[in-house]
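Visitor: Per our numbering, residue 944 is the first one in the sequence shown, and the count goes up by one each step.
Ideal placement from N, C-alpha and C gives every residue a C-beta, glycine not left out.
All values reported here derive from a predicted model rather than from experimental measurement.
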Amino acid sequence: MSLSNKKISTLSLTMLNISAIISLSSIAYMATIGLQSIFFYLIAAITFLLPTSLICAELSSMITQNNGGVFSWVKAGLGEKAGVLAMWLEWFNNVVSFPSSVTALVATFAYIGFRGFAENAHTSVSFWLVMVCVFIAISLFNCLPLRKVVILNIVGAVFGMIIPGILLILGAIYFLVTGQSNLEYHGVGDILPAFSLGTYALLVKTLSSYSGIQSVAFHMTNIDKPEKNIPKSILIATLIIVSLTILTTVGLNIIIPVKDVNVLNGLIQGISQVLSIIGLGGVKPLIVIMISIGMLAALSTWVLGPARGMQTAAEQQLFPKIMAGKNRFNMPVNMLMIQVCIVIVLSTAFLIMPSVYAAFALLIAITSQFTVVTWIMVFVAAIRLRFTQPDTHRVFYVGKRNSNWLLVTMSLVAIFMCSLGFILGLFPPGFSHVKDILRYTTILIIADVIIIAIPLVWIWLHRKRIV
944 MSLSNKKIST
954 LSLTMLNISA
964 IISLSSIAYM
974 ATIGLQSIFF
984 YLIAAITFLL
994 PTSLICAELS
1004 SMITQNNGGV
1014 FSWVKAGLGE
1024 KAGVLAMWLE
1034 WFNNVVSFPS
1044 SVTALVATFA
1054 YIGFRGFAEN
1064 AHTSVSFWLV
1074 MVCVFIAISL
1084 FNCLPLRKVV
1094 ILNIVGAVFG
1104 MIIPGILLIL
1114 GAIYFLVTGQ
1124 SNLEYHGVGD
1134 ILPAFSLGTY
1144 ALLVKTLSSY
1154 SGIQSVAFHM
1164 TNIDKPEKNI
1174 PKSILIATLI
1184 IVSLTILTTV
1194 GLNIIIPVKD
1204 VNVLNGLIQG
1214 ISQVLSIIGL
1224 GGVKPLIVIM
1234 ISIGMLAALS
1244 TWVLGPARGM
1254 QTAAEQQLFP
1264 KIMAGKNRFN
1274 MPVNMLMIQV
1284 CIVIVLSTAF
1294 LIMPSVYAAF
1304 ALLIAITSQF
1314 TVVTWIMVFV
1324 AAIRLRFTQP
1334 DTHRVFYVGK
1344 RNSNWLLVTM
1354 SLVAIFMCSL
1364 GFILGLFPPG
1374 FSHVKDILRY
1384 TTILIIADVI
1394 IIAIPLVWIW
1404 LHRKRIV
């Protein structure tokens, strides 16, 4: 039996789904709203995570060329032009996330002995230079042979996500057992979000934090009894993902009071507090370095993956030929350098915005908005394919084979939530401390228009080739 046809177990599929989605990157800014984060996590899981997982399973079992993916799905449902737009948005929202990821990395490493370096207005230029240098170094590393890159990425999964998460949860348990909890709880009402734009602005980021299932969707058809085991695997994965994100976020609130959570380096802030309390403050630098290496490796994974996708698309003449360039190691060196240039431009937000928190909020808003726009296109494509290609074989169906109501309902609910999240995401979250809301929203709208206009102009100029 070939590897591509080898069946995987329900447990393996569940673990793949979890690894594709779960991340500790969002817990710090979600912790700034305390127990209200639970409400957003649950809403996002029900109205976004479950629909994306189930619909991706159906689409991947129907469209198998090139292992499926967002481009193939949207192209099949809405045409090649829409597919190209979706691919651009998926790539660009990853690129926009790089500056904020590097910010968190630098702020975490600065915890060794340069605390305040990231937040200090007097060091903004120095901070920007460090960010740019770090990202250039990561991009150059990804020009090396793939084997070396993969080794670092495995290190990132262990040291950047698993170990920090365990340390944080264990620390929270210790705080609870010893009566040192900083979490304030007055009743179920604490979970319901306050009626403020600063709080609801985090909805779009919560939705996008549960994105990523598309990267492993093609595995879903390689499982016995898909009609039974795919929903089972997705349900188990969803429960684990939601539980872990809630536990780590609430765990941070148990260790650090809500008002004191730092959105840039909240993870190491919480772990550092635990180490100090239990008398292990001396190992703090080692833990900081370990987590920084993990974050570096995790970022490296995202730097290469989208670049490869765009490089392949450029080889198919869907994007400019210059994007197709590779080096002697077969790595997408031209795309990596293009990403560097874009990140340098985007990271100037840290120079022109009133604070590093405002710039950080702006960048995560942009990437979150275009994540949900991409998914809106996928949901629309899924609905249309049910009516235009009803007889095309699908290994897995959302709902019954002769009924469309479940898929359509789930898609429409998800589209509504994504649209609502996009609109609310135009306003600054509370942690950004933005005073000039009009300026922030204007900059965000201008950025949104420019980002979506670029592929539309490209598609129009090549409308005869891109059909």
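Take the Cβ of T1352 as the centre, count every other Cβ of all protein chains shown within 10 Å, and call the residue buried at 16 or more, exposed below.
Guide: T1352 is exposed by the Cβ-count criterion.
Visitor: In chain order, what residues of the same chain lie with their CB nearer than 6 angstroms to the CB of D1391, ignoring the 5 residues before and after it?
Guide: If we look at D1391 and ignore the five residues flanking it on each side, it has no Cβ neighbours.
Visitor: Give, in chain order, every unbroken run of the alpha helix (DSSP H) that is at least 4 residues long and sits entirely within the stretch 1215–1267.
Guide: For the stretch 1215–1267, whole alpha helix (DSSP H) runs of length 4 or above, ordered along the chain, are 1227–1258.
Visitor: For the structure I just gave you, are there three or more beta carbon pairs, one from the stretch 1122–1140 and one from the stretch 1356–1365, closer than 8 angstroms?
Guide: No: fewer than three Cβ pairs fall under 8 angstroms.
Visitor: Take M973 as the anchor and find which of L1195, S1003, S955 has the nearest alpha-carbon.
Guide: Of L1195, S1003, S955, the residue nearest in Cα terms is L1195.
Visitor: Quick check: what's the CA-CA separation for T1291 versus W1071?
Guide: Between T1291 and W1071, the C-alpha separation is close to 7 angstroms.
Visitor: For the stretch 1016–1055, list the alpha helix (DSSP H) runs that are entirely contained and at least 4 residues long, ordered along the chain.
Guide: DSSP runs (the alpha helix (DSSP H)) wholly in the stretch 1016–1055: 1023–1052.
Visitor: How long is the line joining the alpha carbons of K1227 and Y1143, rounded to whole angstroms?
Guide: Roughly 35 angstroms between the two C-alpha positions.
Visitor: Near A893, which residues of its chain fall below 7 angstroms by C-beta distance, leaving aside the five closest residues on each side in sequence?
Guide: Because the chain is modelled from 944 through 1410, residue 893 falls outside the range shown and cannot be assessed.
Visitor: Can you tell me whether I976 is helix, strand or coil according to DSSP?
Guide: Here I976 sits in coil by DSSP.
Visitor: At what residues does the alpha helix (DSSP H) containing L1404 begin and finish?
Guide: Segment 1380–1404, the alpha helix (DSSP H) holding L1404.
Visitor: Compute the distance between the beta-carbons of I1156 and N960, then report whether it is under 8 angstroms.
Guide: Closer than 8 angstroms, so yes.
Visitor: Going by other Cβ atoms of all chains shown within 10 Å of its Cβ, with 16 needed for buried, is L1387 buried or exposed?
Guide: So L1387 counts as buried.
Visitor: Taking 8 angstroms as the threshold (C-beta atoms), are W1016 and V1321 in contact?
Guide: Taking 8 angstroms as the Cβ cut-off, V1321 and W1016 qualify as a contacting pair.
Visitor: So, using beta-carbon positions, are V1039 and F1078 closer together than 8 angstroms?
Guide: Against a cut-off of 8 angstroms, the Cβ pair of F1078 and V1039 comes out as no contact.
Visitor: Between which two residues does the alpha helix (DSSP H) containing I1197 stretch?
Guide: I1197 -> alpha helix (DSSP H) spans 1169–1198.
Visitor: Could you give the distance in angstroms between the alpha-carbon of L1207 and the alpha-carbon of V1338?
Guide: Near 43 angstroms, if we compare the C-alpha coordinates of V1338 and L1207.
Visitor: Please look up how many angstroms separate the CB atoms of L1279 and S1082, rounded, as I've assumed it's under 8 angstroms.
Guide: About 5 angstroms; that satisfies the 8 angstroms criterion.
Visitor: Who pairs with I951 in a beta bridge, going by DSSP?
Guide: Paired residue(s): I1166.
Visitor: Where does C999 fall in DSSP's three states?
Guide: Three-state result, C999: helix.
Visitor: According to DSSP, is A1304 helix, strand or coil?
Guide: In the structure shown, A1304 sits in a helix (DSSP, three-state: H, G or I).
Visitor: Would A1053 pass as a contact of G1209 if the rule is Cβ separation under 8 angstroms?
Guide: Their beta carbons are not under 8 angstroms apart, which means A1053 does not touch G1209 by this criterion.
Visitor: On the DSSP letters alone, give me the boundaries of the alpha helix (DSSP H) that M1280 sits inside.
Guide: Segment 1276–1289, the alpha helix (DSSP H) holding M1280.
Visitor: Taking the alpha-carbon positions, what's the N1205 to I1397 distance?
Guide: Going from the Cα of N1205 to the Cα of I1397 covers about 35 angstroms.
Visitor: In terms of alpha-carbon separation, which member of L956, M1030, G1022 lies closest to T1314?
Guide: Checked all of L956, M1030, G1022; the closest Cα to T1314 is M1030.
Visitor: Tell me which same chain residues have a C-beta within less than 6 angstroms of the C-beta of G1411, skipping the five on either side of it?
Guide: Any property of residue 1411 remains undetermined from this structure, which presents the chain solely from 944 to 1410.
Visitor: Is S1215 near A1304, with beta carbons less than 8 angstroms apart?
Guide: Result no, Cβ atoms of S1215 and A1304 do not sit closer than 8 angstroms.
Visitor: Check the C-beta distance from N1037 over to W1245 and give it rounded, since I have them as a contact under 8 angstroms.
Guide: Their Cβ separation, rounded to whole angstroms, is 6 angstroms, which keeps N1037 and W1245 in contact under 8 angstroms.
Visitor: In this structure, how does DSSP classify D1203 when only helix, strand and coil are distinguished?
Guide: Reduced to three states, the DSSP call for D1203 is helix.
Visitor: According to the neighbour-count rule (16 or more other Cβ atoms, all chains shown, within 10 Å of its Cβ), is V1120 buried or exposed?
Guide: By the 10 Å Cβ count, V1120 comes out exposed.
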